[in-house]
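As given, the protein sequences belong to chains A and B, one line each in that order. Reminder that position 20 of the first sequence reads as 10 in this note's numbering, one-by-one numbering, no gaps. Reminder that position 110 of the second sequence reads as 136 in this note's numbering, one-by-one numbering, no gaps. Every residue, glycine too, gets a C-beta built ideally from N, C-alpha and C. Since the structure comes first, as structure tokens, the remarks are kept for the end.
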Amino acid sequence: NAGVTQTPKFQVLKTGQSMTLQCAQDMNHNSMYWYRQDPGMGLRLIYYSASEGTTDKGEVPNGYNVSRLNKREFSLRLESAAPSQTSVYFCASSRSGTGGYTNSYEQYFGPGTRLTVT
Amino acid sequence: QKEVEQNSGPLSVPEGAIASLNCTYSDRGSQSFFWYRQYSGKSPELIMSIYSNGDKEDGRFTAQLNKASQYVSLLIRDSQPSDSATYLCAVNMGGQYSGAGSYQLTFGKGTKLSVIP
């Protein structure tokens, strides 16, 4: 049981290049999230997927796109990277869904991707 | 505007002392509250969840919730140098969202704790 996994761990891009960050969870969770974390700014939600087949914008979606490939996988794409997108990116998942489980809202995080755009 | 506020610290306590971390939130309708620990260079790790007013204890950790005051705290007893980390408070402000957004968490910016040997 690996929990939430992310690839790659580190990436350096030049301005204008594109890349996709991959995330997978093996906890059978319904919801998945992408955050970025910058010094002094805390965790900010980029996009989320409440359930398979749905995606919605979070607080800072500009410059990003997402795909919920299946229940396990949720990818984040940077089409044309900018230096302002230099950050640490975390994927998370939560059980969510119906059933009234008290742990529905608990989010579990992957190890993160450290991205530098030069 | 949804807000979760924490003192950024750093909070320094001697080894063996009680560390007290505080968090306030803006949405009176919030129902679910979480504390995450984040070591430098690592991802956030869930350490406590609390849903009802009062105290919840788990080992050396106690979470305290006061919904009337919109205040949640984390006490760490017998603090150890290994507790040195940034502690993030997170709140599900379900009252501000509906449908697909209702499971979002709003995070504070974290309090950095240093436990001095």
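Test: residue i CB closer than 9 Å to a CB of chain B
i	result
Asn55/A	no
Tyr95/A	yes
Tyr23/A	yes
Leu33/A	yes
Ala(-8)/A	no
Rounded straight-line distance, which links the Cα of residue j to that of residue i
i	j	result
Phe0/A	Val78/A	9 Å
Ala14/A	Glu71/B	17 Å
Ser74/A	Asn33/B	26 Å
Ser105/B	Arg62/A	38 Å
Val117/B	Met74/B	12 Å
Trp61/B	Phe87/B	10 Å
Gly102/A	Asn93/A	23 Å
Gln122/B	Val30/B	Bear in mind that a pLDDT of 47 at Gln122/B, under 50, signals an unreliable position, so the number given afterwards is only what the model happens to contain. Looking at the two C-alpha atoms, the distance is approximately 13 Å.
Asp46/A	Asp109/B	36 Å
Tyr77/B	Tyr23/A	22 Å
Asp81/B	Glu42/A	36 Å
Ile36/A	Cys49/B	23 Å
Asn52/A	Arg34/A	12 Å
Arg67/A	Asn55/A	5 Å
Tyr51/B	Tyr113/B	15 Å
Ile142/B	Lys68/B	21 Å
Ala40/A	Tyr129/B	8 Å
Ala(-8)/A	Gln57/B	29 Å
Gly48/A	Thr132/B	11 Å
Residue environment, residue i, which counts as buried when at least 16 other CB atoms sit within 10 Å
i	result
Asp28/A	exposed
Ala71/A	buried
Ala45/B	buried
Val2/A	exposed
Thr137/B	buried
Asn20/A	buried
Asp53/B	buried
Gly32/A	buried
Glu96/A	buried
Arg103/B	exposed
Listed by chain order, chain A residues near residue i by CB distance under 7 Å
i	result
Ser69/B	Phe80, Phe99, Gly100, Pro101 and Gly102
Lys138/B	Near Lys138/B there are no residues of chain A at all, since even the closest Cβ is about 12 Å away, more than 7 Å.
Gly134/B	Gly32
Asn118/B	Tyr95
Residue i at chain A interface by Cβ criterion, 9 Å
i	result
Leu100/B	no
Lys93/B	no
Gln106/B	no
Gln12/B	Because residue 12/B is not part of the residues shown, which for chain B are 27 to 143, the question remains open.
Leu37/B	no
Leu114/B	yes
Ala126/B	Legend: pLDDT at Ala126/B = 49, less than 50; position of this residue unreliable, value from coordinates given subsequently. Chain A, which has a Cβ nearer than 9 Å to the Cβ of Ala126/B, makes this yes.
Contact list for residue i against chain A, beta-carbon separation under 9 Å
i	result
Phe60/B	Tyr95, Glu96 and Gln97
Leu72/B	Glu96, Gln97, Tyr98 and Phe99
Ser75/B	Thr92, Asn93, Tyr95 and Glu96
Closer than 8 Å: residue i CB and nearest the ligand ZN heavy atom
i	result
Pro29/A	Questions concerning the ligand ZN fall outside what the structure shown contains, since it holds no ligand whatsoever.
Contact list for residue i against chain B, beta-carbon separation under 8 Å
i	result
Ala71/A	Under the 8 Å cutoff, chain B gives no residues; its nearest Cβ is about 22 Å from Ala71/A.
Closer than 7 Å at the beta carbon, the chain B residues around residue i
i	result
Ser84/A	Tyr129
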